[in-house]
Structure formats: structure tokens, C-alpha cells
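**Q** Quick one: the structure is below, and I'll ask about it shortly.
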Amino acid sequence: MNVRLFRPDLGERELEAVRGAFDRAWLGLGPKVSEFEEKWSAFVGAPCSVATNSATAGLHLALAVWRFPRGKKVLVPGMTFAATALAPLYEGLEPVFVDCDPETLGLDLGDLERKIDKDCVAVMPVHMGGHPVPMDRLLDLCAPHGLKVVEDCAHTAGGEYKGRKLGTWGDMGVFSFEEKKCMTTGDGGMIALADPGFEEPLKAMRWMGIDKDTWKRNRLYTEAGADVRHWYYEIALLGYKYNMNDLAASIGLVQLERIHELNGARHRALLTYLERLKGLRHARPLFPYVTDGTCPYWIFGLRCDDRDGLMAHLKERGVSTGLHYSPLTAHPLFAPYACPLPNAQRLYGEMITLPLFAGIREEEIAYVCDNVSNWDKAQ
Ligand SMILES: *Cc1c(COP(=O)(O)O)cnc(C)c1O
Numbered sequence: 482m483n484v485r486l487f488r489p490d491l492g493e494r495e496l497e498a499v500r501g502a503f504d505r506a507w508l509g510l511g512p513k514v515s516e517f518e519e520k521w522s523a524f525v526g527a528p529c530s531v532a533t534n535s536a537t538a539g540l541h542l543a544l545a546v547w548r549f550p551r552g553k554k555v556l557v558p559g560m561t562f563a564a565t566a567l568a569p570l571y572e573g574l575e576p577v578f579v580d581c582d583p584e585t586l587g588l589d590l591g592d593l594e595r596k597i598d599k600d601c602v603a604v605m606p607v608h609m610g611g612h613p614v615p616m617d618r619l620l621d622l623c624a625p626h627g628l629k630v631v632e633d634c635a636h637t638a639g640g641e642y643k644g645r646k647l648g649t650w651g652d653m654g655v656f657s658f659e660e661k662k663c664m665t666t667g668d669g670g671m672i673a674l675a676d677p678g679f680e681e682p683l684k685a686m687r688w689m690g691i692d693k694d695t696w697k698r699n700r701l702y703t704e705a706g707a708d709v710r711h712w713y714y715e716i717a718l719l720g721y722k723y724n725m726n727d728l729a730a731s732i733g734l735v736q737l738e739r740i741h742e743l744n745g746a747r748h749r750a751l752l753t754y755l756e757r758l759k760g761l762r763h764a765r766p767l768f769p770y771v772t773d774g775t776c777p778y779w780i781f782g783l784r785c786d787d788r789d790g791l792m793a794h795l796k797e798r799g800v801s802t803g804l805h806y807s808p809l810t811a812h813p814l815f816a817p818y819a820c821p822l823p824n825a826q827r828l829y830g831e832m833i834t835l836p837l838f839a840g841i842r843e844e845e846i847a848y849v850c851d852n853v854s855n856w857d858k859a860q
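Sequential numbering of the sequence shown, starting at 482, is according to this note's numbering.
This is the structure in C-alpha cells:
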């Protein structure tokens with residue numbers, strides 16, 4: 482048997498939605514993007530949202546919109562996907578790497594507190610694997626320093642902490658719809674905003690900085706010229722080609738309608754894993770998994786004594802595995818910002834990601850678990 486690590490869950494309904502976009506012959510930025518933004522806001526409980534072509538773009542815009550002076554610092558996890566730490570670099574800001582909490586893999590709040598100084602302007606917590614960062618405590622630490630908070634929610638879609646959706650605790654929450662994530666549009670992202678005042682600049686910045694609405698306000702604009710001024714726009718902000726398109730949004734709208742089904746399936750798979758892998762001697766679950774269903778996890782993983790041995794054992798038997806993530810400071814690009822990250826350094830030698838996706842079958846989980854158990858017994 483071969484078991485994939487991730488697999489998007491797409492079917493006839495998504496295909497029908499794509500057909501709809503073809504029939505309307507409107508594939509670019511259009512009404513489906515707006516509809517997706519509105520429904521996303523309702524889903525997470527944010528006043529408004531801005532859709533982008535990736536979370537990487539969304540994270541960049543979420544920092545860029547504040548126009549921080551170059552050279553200021555942004556606190557980011559030392560162990561995350563590169564996109565989180567690229568955002569400050571795009572803006573000429575310095576990433577300050579924070580170690581991970583040894584249990585939750587989220588930001589270590591003690592290390593965060595030690596690293597906050599007068600040059601820090603923002604912090605970007607990542608809800609690793611879908612496990613929530615304790616946002617109330619994080620906000621308490623950040624508030625006295627006026628730090629802006631951008632939640633990287635790439636590993637969750639609908640997860641909650643203390644009854645409030647992740648992505649709505651900070652100033653902005655950025656979600657990913659890349660094909661491996663909890664729900665997908667092929668590629669795509671979404672910025673949920675706490676302050677609706679950022680909607681207009683963000684919408685301009687994701688579209689070359691073009692502000693279409695200025696023509697309506699333009700004082701030079703006269704009634705006589707009304708019919709021939711439809712082409713008019715103004716560019717006041719440095720923008721990018723970061724918009725989501727209607728083709729992607731059409732898929733996203735269906736995936737969002739199915740999100741409870743998708744998250745529910747992942748949750749059942751998680752419970753099966755936890756049950757079947759109870760009592761291993763040489764491995765234990767990667768996260769202190771919350772099992773009440775409020776945290777749809779993106780990663781099921783283990784931490785174990787001989788990670789490479791388990792990885793090789795599973796690979797030989799057709800089970801795909803992964804590692805999320807090695808410390809970013811090991812990459813040449815981030816080496817200039819390196820600092821000791823003892824927890825991340827130790828954990829990355831122990832972690833292994835096992836297959837988890839909405840469509841994973843019972844037999845597949847059983848096969849993975851039997852092979853993990855066999856390896857465990859042979860140690
Ligand atoms: C996947 C991921 C991103 C980037 O998402 P894209 O939509 O592929 O740009 C950002 N942060 C984290 C933690 C991720 O896992």
C-alpha cells in the first residue's frame with residue numbers, strides 16, 4: 482500500500498463551480514472573489530477580509546500596509562515555513578527568531594518577552610500544525626510595547642482558542658489555501674482584518690495599488706465627462722499583483738461550504754491515530770492534541786528517539802512522511818539573523834509528520850499505525 486502525506490479533497494461540486502466561472506467567462510478578480518471574502522468574514526467572525534493569490538502574499542501585505550520604517554524588527558518563530566520570515570525581509574525589516582515552546586511548538590512566550598526591544602514593531606505567531614498559540618497571553622505581552630500582531634493561520638481554517646476563531650485575535654490573520662492545506666483553491670490566501678480601515682489600502686495593494694474608487698471622488702470629474710471616465714484610476718500606494726481570481730474563489734466557496742465536513746474528517750482521523758498509537762515506547766504525539774473538535778489539526782505527527790529510523794522504516798513500506806520544519810536559521814538566507822534556538826534545534830531531530838488529510842481511509846491509517854507499532858516493538 483502507498484499512503485500519501487497530504488491530498489486535496491476536491492470533487493464534482495468544485496468542478497461545477499469551475500464550470501460556472503467558465504460559463505460566465507470571467508476568470509480574473511471579480512464577483513466570486515468578493516463573495517468569498519464576505520463568506521470568509523462571516524465564517525471567522527471578522528469585519529472584513531481580503532483575498533490574495535497566496536498566504537505568502539497575504540503575510541507580506543499584512544506587514545507592508547503598516548509602512549514600518551526600514552530596519553525595524555519583527556518577531557517570528559524560528560521553526561516555521563519560510564513564508565512567515567520572508568514577509569519582514571520583503572519590507573526591509575529584520576526577522577528576530579523566537580524559539581518554540583517545547584510542548585506546543587508555538588512561540589515560546591518567555592523567549593519572546595526576552596527578545597522584545599524598542600525596535601520591534603510586530604510579531605507573527607504561527608498556530609503550528611493547527612495547535613493554537615495562547616493568544617490572550619501573547620496579546621498581554623505585546624500590548625505594552627505597541628506591537629502589531631499578524632497571525633499566520635496557514636495551518637488552520639476554523640480553529641478556535643477559548644471560543645474565538647484563530648485569525649481574529651491579532652490585528653490580522655492570514656490563511657492559506659495552497660493545495661496541501663486544510664482547504665484549497667489550488668493556490669490562494671486570505672487576510673482577515675480586525676480593523677476595517679485597512680480593507681481599502683489592502684485591496685489596492687493586492688492590485689498594483691490601483692484605487693478604482695478615486696474616479697468617483699475626483700473633483701475634476703464632471704457630469705459632462707461621466708460616460709467617458711470609466712477608465713480612470715489612481716495609484717497612490719506601492720502595490721503588487723497579489724489578487725485572488727474568480728476561478729480560485731469559485732473553488733474556495735465550495736470548499737468553505739464543506740469546511741465542517743473536511744475538518745470533521747481530519748478530526749476523526751486524528752482521534753483514530755491517537756487511539757491506535759497509544760502506549761508506544763519510543764514515540765509520542767507531536768502536539769498536546771486538543772480533542773474536543775475546536776482545533777482542526779493540519780498535522781498529525783510524532784516525536785521519537787530515532788526519527789530517521791522510523792522515517793526509513795515507513796518509506797520502505799510505502800508511507801510518505803514529512804518534517805515540519807527545520808529551524809530557519811540553518812538556511813543561508815536567514816543565517817545573518819541566527820541566534821540560539823535550543824528547543825527548535827532539539828525538536829527538529831525528533832519530529833516526523835504522518836499522513837493526514839480529509840479523505841484518508843481507515844485502512845490507510847491502520848496501515849500507517851501498524852507499521853509505526855512494528856517499528857516501536859523492534860526497537
Ligand atoms: C503554507 C504556509 C505558508 C504559505 O502559504 P502559501 O499559501 O503557500 O503562500 C505560510 N506560513 C505557513 C506556516 C505555511 O505552512
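A virtual CB, placed ideally from N, CA and C, is assigned to each residue, including glycine. Source: prediction; values computed, not measured.
Just the residues with CB closer than 7 Å to a heavy atom of ligand 1, in chain order, which are they?
**A** Here the list is Ser535, Ala536, Thr537, Ala538, Leu540, Thr561, Phe562, Ala564, Thr565, Val607, Asp633, Ala635, His636, Ser657, Phe658, Glu659, Lys662, Asp668, Gly669, Gly670.
**Q** To the nearest angstrom, how far is it from the Cα of Leu620 to the Cα of Val630?
**A** Their backbone Cα atoms lie some 8 Å apart in a straight line.
**Q** Name the two residues that bound the continuous beta strand (DSSP E) containing Gly654.
**A** 653-657 is the extent of the beta strand (DSSP E) around Gly654.
**Q** Could you work out which residue in Ala536, Ile732, Asp668, Cys529 is closest to Arg494 when comparing CA atoms only?
**A** When each option's Cα is compared against that of Arg494, the closest is Ile732.
**Q** Name the residue from Asp851, Val555, Lys643, Leu683 whose alpha carbon lies nearest to the alpha carbon of Glu756.
**A** Out of Asp851, Val555, Lys643, Leu683, Asp851 has the C-alpha closest to the C-alpha of Glu756.
**Q** Tell whether a beta-carbon distance below 7 Å holds between Ala523 and Leu544.
**A** Not a contact, by the Cβ cut-off of 7 Å.
**Q** May I ask you to verify whether the segment 844-860 touches the segment 812-824, counting CB pairs closer than 8 Å and requiring at least 3?
**A** As far as the Cβ criterion goes, the segment 844-860 does not touch the segment 812-824, which means the pair count is below three.
**Q** Helix, strand or coil, according to DSSP, for Cys623 in the structure here?
**A** Note: Cys623 maps to helix in three-state DSSP.
**Q** Using a 10 Å radius around the Cβ and a threshold of 16 neighbouring Cβ atoms, would you call His748 buried or exposed?
**A** That one is buried.
**Q** For Pro766 and Val614, what's the separation of their Cα atoms in angstroms?
**A** Approximately 18 Å between the Cα atoms of the pair.
**Q** Mapping the DSSP letters down to three states, classify Trp688 as helix, strand or coil.
**A** Note: Trp688 maps to strand in three-state DSSP.
**Q** With respect to the alpha helix (DSSP H) encompassing Ser807, which residues constitute its N-terminal and C-terminal limits?
**A** Segment: none, Ser807 is in no alpha helix (DSSP H) and carries neither H nor E.
**Q** Could you give the distance in angstroms between the alpha-carbon of Ala564 and the alpha-carbon of Leu570?
**A** The straight-line gap from Cα to Cα measures roughly 10 Å.
**Q** Where do the ends of the beta strand (DSSP E) carrying Ala868 lie?
**A** The chain is shown only over 482 to 860; residue 868 falls outside these bounds and no answer can be derived.
**Q** So what does DSSP say about Thr834, is it helix, strand or coil?
**A** Thr834 falls in the strand class under three-state DSSP.
**Q** What's the C-alpha gap between Gly501 and Val579?
**A** Straight-line Cα distance between these residues: approximately 45 Å.
**Q** Inspect the beta-carbon positions of Met689 and Thr533 and report whether they are closer than 7 Å.
**A** Not in contact: Met689 and Thr533 (Cβ atoms no closer than 7 Å).
**Q** Taking DSSP as the reference, what is the three-state secondary structure of Met616?
**A** In this structure, Met616 counts as helix in the three-state DSSP scheme.
**Q** Pull up the CB-CB distance for Thr637 and Pro777, whole angstroms please, since I reckon it's below 8 Å.
**A** That belief holds up - the Cβ atoms of Thr637 and Pro777 are roughly 7 Å apart, short of 8 Å.
**Q** Let me know if Thr561 comes out buried or exposed under the rule of 16 or more other beta-carbons within 10 Å of its beta-carbon.
**A** The residue is buried, with at least 16 neighbouring Cβ atoms inside 10 Å.
**Q** Which of helix, strand or coil does DSSP assign to Ile672?
**A** It is a strand residue.
**Q** What is the DSSP secondary structure of Asn855, reduced to helix, strand or coil?
**A** Of the three classes helix, strand and coil, the one that applies to Asn855 here is helix, per DSSP.
**Q** Apart from the five residues on each side of it in sequence, which residues of its chain come closer than 7 Å, Cβ to Cβ, to Val589?
**A** Reading off the sequence, residue 589 comes out as Asp, not Val. Val579, Asp580, Cys581, Asp582, Asn824, listed in sequence order.
**Q** Alpha carbon to alpha carbon, how far is Gln826 from Asp787? Give it in angstroms, no decimals.
**A** Distance between the alpha carbons of Asp787 and Gln826 is about 15 Å.
**Q** Within the continuous beta strand (DSSP E) that includes Val630, where are the two ends?
**A** Counting along the chain, the beta strand (DSSP E) containing Val630 begins and ends at 629-633.
**Q** Is the Cβ-Cβ distance between Met832 and Arg784 less than 7 Å?
**A** Yes. Within cutoff.
**Q** Just verifying my parser: in three-state terms, what is the DSSP assignment at Ile597?
**A** In the structure shown, Ile597 sits in coil (DSSP, three-state: anything other than H, G, I, E or B).
**Q** Thinking C-alpha only, which one of Ala624, Pro808, Lys553, Gly610 is nearest Leu647?
**A** If we check each option's Cα against that of Leu647, Gly610 comes out closest.
**Q** So which of His608, Phe503, Ala603 has the shortest CA-CA distance to Ala635?
**A** Ranking the options by Cα distance to Ala635, first place goes to His608.
**Q** Excluding sequence positions up to five away, which residues of its chain have a Cβ less than 8 Å from the Cβ of Leu718?
**A** The answer, listed in chain order, is Pro682, Ala685, Met686, Gly690, Asp692.
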